[in-house]
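Before any comments, here is the structure.
Number of protein chains: 2
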Amino acid sequence: MKIAIIGRGNVATHLIKALLPHYQVVPVNPRTLEDFPADADLALISVSDSAIISVAERLNGFKGIVAHTSGSTPMTVLAESVDDYGVFYPLQTFSKDVALDYAELPFFIEGSSERVSEVLRSVASSVSEKVYDADSDKRRTLHIASVFACNYVNHMLAIADELLKQKSLDISVLRPLIGETIRKVDKVSPRQAQTGPAVRRDQVIIDSHIAMLADNPRLAEIYRLLAQSIQD
Amino acid sequence: MKIAIIGRGNVATHLIKALLPHYQVVPVNPRTLEDFPADADLALISVSDSAIISVAERLNGFKGIVAHTSGSTPMTVLAESVDDYGVFYPLQTFSKDVALDYAELPFFIEGSSERVSEVLRSVASSVSEKVYDADSDKRRTLHIASVFACNYVNHMLAIADELLKQKSLDISVLRPLIGETIRKVDKVSPRQAQTGPAVRRDQVIIDSHIAMLADNPRLAEIYRLLAQSIQD
């Protein structure tokens with residue numbers, strides 16, 4: 064089986080590495096498509112969401128399956144361009160230079176037909192034990208949930224890091240705290256696991272923290288809004 | 064050495080468990096103080112921040128060291144009540160029913176004299192390998208940073224959990240993503256590790272996510288504010 068991977072970003076880079084041990088993989092430049100193997104069985108479009116349609120349009124006439132790898136783009140954007148299409152969505156935070164255990168990488172699959180779904184499932188299963196079906200609606204929810212659980216969690220850590228640096232403290236002192244915060248999710252729901260001044264309604268501390276952030280109004284606003292949200 | 068632990072909350076409960084193997088520990092009801100052992104060497108006040116001063120006042124005449132366990136309360140609130148005082152701040156998220164590896168528990172110590180600091184350091188060191196000095200200013204920063212790195216990280220997970228539940232999805236599918244998000248902090252700074260639509264400035268996705276949250280204006284506002292903060 065021959066798989067073309069169209070893209071040069073973080074996701075494409077990792078998909079190439081993940082699939083290379085199992086298939087004939089052809090990396091394709093998304094701008095030119097010059098290396099595109101017309102005899103491929105599967106083309107994975109792994110480009111920014113806004114570029115998916117234009118790449119798909121240029122695959123017009125391709126006889127294989129075309130799947131995109133996006134969380135928030137409906138499968139049907141591919142319907143105009145090709146007969147057999149689907150979605151091959153790996154749910155992870157990809158950085159080019161950070162190695163990943165692909166066996167733990169969850170894939171969410173959708174196909175324009177059961178045959179397409181089966182092919183995509185089988186490709187995902189060659190890499191990972193965590194392969195699920197998800198239609199475009201579920202996938203969209205997975206994506207927005209992962210913005211909170213990954214991108215915004217990371218941003219909270221970035222804010223902590225900055226606050227600590229201002230006092231010459233290193234975020235490594237928070238490692239046990241961060242580790243425990245995440246471990247708790249395996250034992251109790253995040254709502255039950257909530258601790259801190261907001262859930263205790265300790266308004267004296269909340270106000271003093273907001274006052275400490277007065278020189279950074281956006282940060283003070285984030286603190287205030289999240290404290291309120293926890294108390295709702 | 065005899066240690067009185069005044070408090071019945073999450074922190075007090077864990078401190079009792081952590082110190083019990085090493086010292087004679089006497090749990091004390093903070094409301095009545097009736098069990099307070101006047102011959103204790105050290106009294107740890109582990110109550111809500113707003114109750115610390117009133118507990119300390121009632122220890123007037125006590126000859127041992129008095130330390131509170133709060134991140135955001137200055138050490139000096141104890142100066143009026145006793146001669147030897149300090150802070151014994153364990154930086155962790157404590158839930159009564161969740162067991163902890165106390166050897167990994169960071170303690171931040173401050174003392175009214177070098178002798179007091181040494182006693183507090185030695186008590187902390189009996190439990191943990193991670194014992195640091197921190198004055199009230201540094202400790203306040205550690206506390207606010209831990210609100211972001213723990214309480215607000217947990218709240219992001221609670222939001223993700225709720226969004227997934229609405230589509231009958233379980234947060235366990237995000238476990239590899241959450242694990243990787245945290246692991247990255249050991250390799251690159253959180254700022255470098257940032258991924259997602261906000262840092263990619265993918266306004267189409269950002270707008271579509273905010274539209275998805277339209278029935279929950281506070282959540283939409285959190286999404287918007289954090290996307291903006293990442294882009295700053």
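Residue numbers (the numbering used here), protein chains in the order written: chain U, 64 to 295; chain P, 64 to 295.
Where is the CB? At the ideal position from N, CA and C, for every residue including glycine.
For residue i, the three-state DSSP class (helix, strand or coil)
i, result
"G242 of chain U", "helix"
"L205 of chain U", "helix"
"H272 of chain P", "helix"
"Y286 of chain U", "helix"
"E177 of chain P", "helix"
"Y86 of chain P", "coil"
"F151 of chain P", "strand"
"P211 of chain U", "Contrary to the premise, residue 211 of chain U reads as Phe rather than Pro in this sequence. Helix."
"L96 of chain P", "coil"
"K247 of chain U", "helix"
"K126 of chain U", "coil"
"D112 of chain U", "helix"
"V194 of chain U", "strand"
"V140 of chain P", "helix"
"K228 of chain U", "helix"
"L105 of chain U", "strand"
"K65 of chain U", "strand"
"V262 of chain U", "coil"
"V161 of chain U", "coil"
"V145 of chain P", "coil"
From the options, residue whose alpha carbon lies closest to that of residue i
i, options, result
"A106 of chain P", "P:P239, P:R263, P:S189, P:L183", "P:L183"
"Q266 of chain U", "U:L240, U:A256, U:I293", "U:I293"
"A109 of chain U", "U:S135, U:N123, U:Y86", "The identity of residue 109 of chain U in the sequence shown is Ser, whereas the question assumes Ala. Checking every option, the nearest Cα to that of S109 of chain U belongs to U:S135."
"P84 of chain U", "U:T95, U:L282, U:V74, U:S191", "U:S191"
"Y122 of chain P", "P:D295, P:D112, P:T95, P:P137", "The sequence shown places Leu at residue 122 of chain P, rather than the Tyr named in the question. Selected option, being the one with the closest Cα: P:T95."
"L205 of chain U", "P:D224, P:S189, P:F211, P:L163", "P:D224"
"P153 of chain P", "P:A166, P:Q291, P:F170, P:I241", "P:F170"
"K201 of chain P", "U:D270, U:D164, U:K228", "U:K228"
"L237 of chain P", "U:N214, U:G72, U:D112, U:L237", "U:N214"
"H77 of chain U", "U:D164, U:H218, U:F211", "U:D164"
"V145 of chain P", "P:A212, P:G124, P:A162, P:H272", "P:G124"
"A274 of chain U", "U:K247, U:R287, U:V262", "U:R287"
"F211 of chain P", "U:R71, U:L282, U:I79, U:S188", "U:L282"
"K247 of chain U", "P:K247, P:H218, P:I268, P:R264", "P:H218"
"G27 of chain U", "U:I66, U:D112, U:L168, U:V140", "Chain U is shown only over 64 to 295; residue 27 of chain U falls outside these bounds and no answer can be derived."
"S185 of chain P", "P:G72, P:A75, P:L82", "P:L82"
"K193 of chain P", "P:A162, P:A166, P:S111", "P:A166"
"A75 of chain P", "P:K159, P:A277, P:H272, P:I269", "P:K159"
"I268 of chain P", "U:P100, U:R203, U:N279", "U:R203"
"D112 of chain U", "P:I79, P:A101, P:D270", "P:D270"
"H272 of chain U", "P:D295, P:A142, P:S209", "P:S209"
"L276 of chain U", "U:D196, U:I222, U:I79, U:S189", "U:I222"
"Q291 of chain U", "U:N73, U:N279, U:P280, U:R264", "U:R264"
"S175 of chain U", "U:D278, U:D196, U:K80", "U:D196"
"N279 of chain U", "P:P280, P:N279, P:D295", "P:D295"
Residue i CB to nearest heavy atom of the ligand ADP below 7 Å
i, result
"L220 of chain U", "Absence of the ligand ADP is noted for the structure shown, with no ligands found whatsoever."
Supposed close pair residue i, residue j - CB separation, criterion 8 Å
i, j, result
"S133 of chain U", "I116 of chain U", "Rounded, the Cβ-Cβ distance is 11 Å, inconsistent with contact."
"D198 of chain U", "E173 of chain U", "6 Å"
"L226 of chain P", "I207 of chain U", "6 Å"
"D138 of chain P", "V150 of chain P", "Before going further, note that residue 138 of chain P is Met rather than Asp in the sequence given. So it is a contact: roughly 5 Å between Cβ atoms."
"T156 of chain U", "L240 of chain P", "6 Å"
"I285 of chain U", "L289 of chain P", "7 Å"
"V140 of chain P", "I69 of chain P", "Not a contact, Cβ separation roughly 15 Å."
"V262 of chain P", "K250 of chain U", "Actually they do not touch by this definition, with Cβ atoms about 31 Å apart."
Interface partners of residue i on chain B, CB under 7 Å
i, result
"Q294 of chain P", "Protein chains U and P are contained in the structure displayed, whereas chain B is not."
Check whether the stretch 88-101 of chain U and the stretch 173-183 of chain U touch, using three or more Cβ-Cβ pairs below 8 Å as the test. no
Please name the residues in the stretch 166-195 of chain U whose beta-carbon is closer than 8 Å to at least one beta-carbon of chain P, in chain order. E167, L168, P169, K193, Y195
Quick one, which residues of the stretch 217-229 of chain P are near chain U if we go by CB-CB under 9 Å, in chain order? Here the close residues are N217, H218, M219, L220, A221, I222, A223, D224, E225, L226, L227, Q229.
On the three-pair Cβ rule with 8 Å, is the stretch 228-240 of chain P touching the stretch 255-270 of chain U? no
Could you run through the stretch 229-250 of chain P and flag, in chain order, every residue whose CB is less than 9 Å away from some CB of chain U? For the stretch 229-250 of chain P, the set of positions with a beta-carbon nearer than 9 Å to some beta-carbon of chain U reads Q229, K230, S231, L232, I234, S235, V236, L237, R238, P239, L240, I241, G242, E243, T244, I245, R246, K247, V248, D249, K250 in chain order.
Of all the residues that make up the stretch 99-124 of chain U, which are near chain P by a beta-carbon distance shorter than 8 Å? Listed in sequence order: S111, D112, S113.
May I ask you to list, following chain order, the residues of the stretch 195-215 of chain U that have a beta carbon less than 9 Å from some beta carbon of chain P? Y195, A197, D200, K201, R203, T204, L205, H206, I207, A208, S209, V210, F211, A212, C213, N214, Y215
Can you list, in chain order, the residues of the stretch 256-289 of chain P whose Cβ is nearer than 8 Å to any Cβ on chain U? A256, Q257, T258, G259, P260, A261, V262, R263, D265, V267, I268, S271, H272, M275, L276, R281, L282, E284, I285, Y286, L288, L289
Residues of the stretch 147-164 of chain U whose Cβ lies closer than 9 Å to any Cβ of chain P, in chain order: So the close ones are L154, Q155, T156, F157, S158, D160, V161, L163, D164.
Could you run through the stretch 65-91 of chain P and flag, in chain order, every residue whose CB is less than 8 Å away from some CB of chain U? N73
Taking only beta carbons into account, state which residues of the stretch 129-148 of chain U come closer than 8 Å to chain P, listed in chain order. S135
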